[in-house]
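One point on numbering: in my numbering, the residue at position 501 of the sequence shown is 501, and numbering is uninterrupted.
I have placed the structure first, in the form of structure tokens, so that the comments after it can refer back to it.
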Amino acid sequence: MTVATAKETRGFATEAKQLLHLMIHSLYSNKEIFMRELVSNASDAADKLRFEALENASLYEDDPNLRIRVSFDKDANTITIDDNGIGMSREEVIENLGTIAKSGTAQFMSKLSGDQKKDAQLIGQFGVGFYSAFIVADKVEVFTRRADAAIDQAVHWTSTGEADYTIENVEKSGRGTQVVLHLKKGEEDFADGWRLRSIIKKYSDHISLPIVMEKQSFGDEAEAQESEDETINKATALWTRSRSDITDEEYKEFYKHISHDFADPLSWSHNRVEGKLDYTCLLYLPARAPFDLYNREGARGLKLYVQRTFIMDQAEQFLPLYLRFIKGVVDSNDLSLNVSREILQKDPNVDNMKSALTKRVLDMLTKLAGDQEQYAKFWKEFGQVLKEGPAEDYANKEKIAKLLRFSSTHTNSPEQDQSLDQYIERMKEGQEKIYYVVAENFNTAKNSPHLEVFRKKGIEVLLLTDRVDDWLMGHLVDYREKSFQDVSKGELDLGAIETEEEKQSQKETEKQFENMVGRMKGALTEEVEDVRITHRLTDSPACLVVGEHDMGAQMRRLLESAGQKVPDAKPIIEINPEHPLVVKLDQEQDEDRFNDLAKVLFDQASLAEGGHLKDPAAYVQRLNKLLLDLFV
Ligand code: ADP
Numbered sequence: 001m002t003v004a005t006a007k008e009t010r011g012f013a014t015e016a017k018q019l020l021h022l023m024i025h026s027l028y029s030n031k032e033i034f035m036r037e038l039v040s041n042a043s044d045a046a047d048k049l050r051f052e053a054l055e056n057a058s059l060y061e062d063d064p065n066l067r068i069r070v071s072f073d074k075d076a077n078t079i080t081i082d083d084n085g086i087g088m089s090r091e092e093v094i095e096n097l098g099t100i101a102k103s104g105t106a107q108f109m110s111k112l113s114g115d116q117k118k119d120a121q122l123i124g125q126f127g128v129g130f131y132s133a134f135i136v137a138d139k140v141e142v143f144t145r146r147a148d149a150a151i152d153q154a155v156h157w158t159s160t161g162e163a164d165y166t167i168e169n170v171e172k173s174g175r176g177t178q179v180v181l182h183l184k185k186g187e188e189d190f191a192d193g194w195r196l197r198s199i200i201k202k203y204s205d206h207i208s209l210p211i212v213m214e215k216q217s218f219g220d221e222a223e224a225q226e227s228e229d230e231t232i233n234k235a236t237a238l239w240t241r242s243r244s245d246i247t248d249e250e251y252k253e254f255y256k257h258i259s260h261d262f263a264d265p266l267s268w269s270h271n272r273v274e275g276k277l278d279y280t281c282l283l284y285l286p287a288r289a290p291f292d293l294y295n296r297e298g299a300r301g302l303k304l305y306v307q308r309t310f311i312m313d314q315a316e317q318f319l320p321l322y323l324r325f326i327k328g329v330v331d332s333n334d335l336s337l338n339v340s341r342e343i344l345q346k347d348p349n350v351d352n353m354k355s356a357l358t359k360r361v362l363d364m365l366t367k368l369a370g371d372q373e374q375y376a377k378f379w380k381e382f383g384q385v386l387k388e389g390p391a392e393d394y395a396n397k398e399k400i401a402k403l404l405r406f407s408s409t410h411t412n413s414p415e416q417d418q419s420l421d422q423y424i425e426r427m428k429e430g431q432e433k434i435y436y437v438v439a440e441n442f443n444t445a446k447n448s449p450h451l452e453v454f455r456k457k458g459i460e461v462l463l464l465t466d467r468v469d470d471w472l473m474g475h476l477v478d479y480r481e482k483s484f485q486d487v488s489k490g491e492l493d494l495g496a497i498e499t500e501e502e503k504q505s506q507k508e509t510e511k512q513f514e515n516m517v518g519r520m521k522g523a524l525t526e527e528v529e530d531v532r533i534t535h536r537l538t539d540s541p542a543c544l545v546v547g548e549h550d551m552g553a554q555m556r557r558l559l560e561s562a563g564q565k566v567p568d569a570k571p572i573i574e575i576n577p578e579h580p581l582v583v584k585l586d587q588e589q590d591e592d593r594f595n596d597l598a599k600v601l602f603d604q605a606s607l608a609e610g611g612h613l614k615d616p617a618a619y620v621q622r623l624n625k626l627l628l629d630l631f632v
């Protein structure tokens with residue numbers, strides 16, 4: 001096998017080029033963050049070295065003290081960030097610095113608007129990482145040697161951050177990575193000891209590795225003395241410190257370090273647990289959803305440490321899928337240092353930690369829910385994911401249900417901001433169930449004919465319009481011992497809300513229309529399972545209802561549009577005897593016209609709930625025929 005060693009020039013992958021361009025032009029108001037990103041990478045590289053060295057101590061070579069060194073050269077206008085971490089091979093450099101391997105990149109790119117202000121927000125959300133070097137530098141050089149590579153197998157990467165970069169093999173005695181920033185005109189101020197110290201303090205104080213700089217000295221002293229190093233940051237793992245010692249700012253910066261998010265988190269929870277299990281966790285609730293939240297391969301999980309040693313990123317075993325938006329660190333004293341993903345899957349300790357961490361997150365959300373404005377932010381970003389909870393985590397169903405928010409006929413607004421507790425508070429005397437309707441969008445839900453009787457009686461109905469809602473309701477079943485009822489399913493039984501008189505008069509109407517119901521059954525044998533006199537409608541002539549245990553219409557449409565086979569089940573049509581059209585229909589002697597009108601009523605009922613007609617052309621023809629009759 002031949003190893004490429006020669007100097008070559010390679011083009012950046014398209015999305016890397018776009019990202020670079022965007023970043024250079026949109027992050028100018030937040031220049032300093034390049035240091036946080038580069039220090040963060042250096043710290044990750046040290047974590048990786050420590051982890052690999054658990055199996056192979058020789059990787060430390062003769063340089064066991066991990067550190068990050070920051071230096072500058074005023075004359076050359078450069079800043080250098082140097083680590084003795086894991087380093088990169090030539091292939092890794094090409095893969096990591098020449099492309100963007102992150103999942104959801106294409107999706108991210110498609111969201112960009114071209115408006116620099118908006119895009120700057122987005123790019124912060126995506127995470128800029130290494131490329132942020134080009135915010136302040138017009139040329140970046142990387143010298144890197146992997147911890148297991150020979151001295152002459154180091155790599156030198158150079159780029160001006162435009163279309164391409166060069167890469168060649170060089171010699172490098174120390175392992176790890178050195179990033180040299182050649183500062184742009186106008187950015188020379190960064191090559192300054194005080195400035196760099198203050199930036200490091202501000203953004204990277206929490207890094208557990210020492211960040212060292214040469215000691216500042218003055219005047220004559222400088223000539224006389226040997227240069228000496230000093231550590232700039234606190235250099236202890238943040239989560240090991242006690243809560244009272246950590247400022248909010250430190251918590252926030254640490255979040256940005258582990259999440260690569262630019263925005264502050266909404267909230268966090270930091271706990272030390274001793275006893276049967278012994279671990280520390282620091283869990284964060286981000287303020288914004290990442291791009292890959294719905295991507296199956298999307299990044300999720302916590303950073304796992306065992307006795308302060310970094311073990312792996314994205315340890316997914318510590319939280320359920322419906323809490324996949326949580327970021328954080330868990331540091332265990334029970335697990336062994338050579339724990340693997342496979343072992344994690346089987347370890348009962350991990351299961352116990354998962355239950356405990358899940359509880360922590362739900363508690364954190366419950367606390368956040370006390371602040372409506374903050375909780376609304378959370379709900380907007382992650383509410384749909386939380387709705388997966390009752391199906392995945394039956395044990396916490398009640399707790400999760402308390403955290404759910406819905407839109408409802410009470411507010412008649414698409415904003416999902418009503419809790420089930422609020423609903424129950426407002427329930428009518430004698431009301432036993434929590435009513436809801438599921439539809440494709442808010443307007444269809446709000447205008448659903450199924451709501452008519454509820455409006456008339458002043459009973460609140462939840463308006464569900466998210467894709468997961470049918471799934472959610474299938475698992476929620478009840479809350480605080482009140483069962484949920486889809487208003488479009490089964491026979492409507494308003495229980496004690498209806499008076500005896502109302503029930504009696506309904507019976508009479510049913511009798512009165514018996515003959516017509518029979519004729520309609522004849523006309524709609526193909527289309528419906530049954531025809532009934534409705535108790536639900538006040539304004540519409542007819543609506544469709546499905547059996548109590550049949551699949552809801554919305555679920556059916558979703559599955560059909562996803563190309564799935566759904567079991568054949570016909571709906572029931574309910575007709576409103578008080579509607580003039582129905583009264584006319586009852587009087588219609590001409591069987592053909594009766595049939596046409598019956599079919600039109602059926603199709604209309606289907607349209608009203610957002611359905612698609614099986615044969616739209618036939619509907620139009622029938623309707624036109626009936627319209628023409630108006631003019632004879
Ligand atoms: P991210 O850190 O979000 O993955 P970056 O663009 O910052 O994205 O870095 C891309 C990859 O390059 C990193 O995941 C890492 O594998 C590698 N890398 C960056 N800096 C270093 C470094 N100092 N030492 C070793 N590897 C590094």
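We put the beta carbon where it would ideally sit given N, CA and C, even for glycine.
None of the values given here were measured: they were computed from a predicted structure.
Problem - Buried versus exposed call for F126 [16 or more other C-beta atoms within 10 Å across all chains shown] - result: Buried, by the Cβ-count rule.
Problem - Selected residue, minimal CA-CA separation from Y60, among S413, L472, V70, G174 - result: Taking only the C-alpha atoms, the option nearest Y60 is G174.
Practice task
Please go through the region 533-566 and give each complete alpha helix (DSSP H) segment of 4 or more residues, from N-terminal end onward.
Solution key: The region 533-566 contains these whole alpha helix (DSSP H) runs: 553-561.
Exercise for the section: Measure the Cβ-Cβ separation of V142 and V179 and say whether it is below 7 Å. Expected result: Against a cut-off of 7 Å, the Cβ pair of V179 and V142 comes out as a contact.
Practice task
Look at the Cβ atom of A133, then the Cβ atom of F72, and state whether they are nearer than 7 Å.
Solution key: For the pair A133 and F72, the CB atoms are not nearer than the 7 Å cut-off.
Problem - Pair within 7 Å by beta-carbon distance, F291 and F108 - result: Less than 7 Å divides the Cβ of F291 from the Cβ of F108.
Practice task
Alpha carbon to alpha carbon, how far is L27 from D138? Give it in angstroms, no decimals.
Solution key: Between D138 and L27, the C-alpha separation is close to 15 Å.
Practice task
Express the C-alpha separation of L613 and L623 in angstroms, rounding to a whole number.
Solution key: Between the C-alpha atoms of L623 and L613 there is a straight-line separation of about 14 Å.
Problem - Of the residues I207, M555, T5, the one placed nearest A150, counting alpha carbons only - result: Comparing Cα positions, the closest option is T5.
Exercise for the section: Check whether the region 467-478 touches the region 383-397, taking contact to mean three or more Cβ pairs, one atom from each stretch, closer than 8 Å. Expected result: Yes, the region 467-478 touches the region 383-397.
Handout entry: Burial state of V566, where buried means 16 or more other Cβ atoms lie within 10 Å
Key = By the neighbour-count rule (16 or more Cβ atoms within 10 Å), V566 is not buried but exposed.
Problem - Beta-carbon contacts of L38 that lie in its chain and below 8 Å, excluding the five residues immediately before and after - result: Within the same chain, L38 has close Cβ partners I81, F130, S132, A133, V179.
Problem - Alpha-carbon spacing of G563 relative to R557, whole angstroms - result: In this structure, the alpha-carbon of G563 lies about 10 Å from that of R557.
Problem - Limits of the unbroken beta strand (DSSP E) element including Q178 - result: Going by DSSP, Q178 is part of the beta strand (DSSP E) stretching over 176-183.
Exercise for the section: Would you check if there are 3 or more beta carbon pairs closer than 8 Å linking the region 520-537 to the region 570-585? Expected result: Cβ pair count under 8 Å is three or more, so yes.
Problem - Reference T236, options S259, D248, I211, S217, closest by Cα - result: In this structure, I211 is the residue among S259, D248, I211, S217 with its C-alpha nearest to the C-alpha of T236.
Exercise for the section: State buried or exposed for D75, treating a residue as buried only when at least 16 other CB atoms are found within 10 Å of its CB. Expected result: By the neighbour-count rule (16 or more Cβ atoms within 10 Å), D75 is not buried but exposed.
Problem - Euclidean distance between Cα positions of D347 and G161 - result: Rounded to the nearest whole angstrom, the CA to CA distance from D347 to G161 is 46 Å.
Practice task
In angstroms with no decimal places, state the Cα-to-Cα distance between K276 and N352.
Solution key: Cα to Cα, the separation comes out at about 10 Å.
Practice task
Return yes when the C-beta of D63 is under 6 Å from any heavy atom of the ligand ADP, and no when it is not.
Solution key: No, Cβ of D63 sits at least 6 Å from all heavy atoms of the ligand ADP.
Problem - Delimiting residues of the alpha helix (DSSP H) encompassing L319 - result: Counting along the chain, L319 falls outside any alpha helix (DSSP H), and DSSP gives it neither H nor E.
Practice task
Inspect the CB distances between the region 82-89 and the region 248-264 and report whether three or more fall short of 8 Å.
Solution key: Judged by pairs of C-beta atoms under 8 Å, the region 82-89 does not touch the region 248-264, as fewer than three such pairs exist.
Problem - Any non-hydrogen atom of the ligand ADP within 6 Å of A42 CB - result: Of the heavy atoms belonging to the ligand ADP, at least one sits nearer than 6 Å to the Cβ of A42.
Practice task
Please confirm if G193 has its CB atom under 7 Å from at least one CB of chain D.
Solution key: Note that chain D does not occur in the displayed structure, where there is just one protein chain.
Practice task
Confirm, please, whether the CB-CB distance from Y322 to V385 is below 7 Å.
Solution key: A contact, by the Cβ cut-off of 7 Å.
Practice task
Report yes if the C-beta of F130 is less than 6 Å from at least one heavy atom of the ligand ADP; otherwise report no.
Solution key: Yes, since a heavy atom of the ligand ADP falls inside the 6 Å radius drawn around the Cβ of F130.
Problem - Backbone CA spacing between I311 and R146 [nearest angstrom] - result: Separation of I311 and R146 (C-alpha to C-alpha, rounded to the nearest whole angstrom) is 19 Å.
Handout entry: 7 Å Cβ cutoff met for K570 and E529
Key = Yes, they are a contact pair.
Exercise for the section: Rounded to whole angstroms, what's the CA-CA distance from G522 to V546? Just pull it up for me. Expected result: In a straight line, the C-alpha of G522 is about 19 Å away from that of V546.
Problem - Residue from Q621, L335, F51, R272 with nearest C-alpha to R241 - result: Selected option, being the one with the closest Cα: R272.
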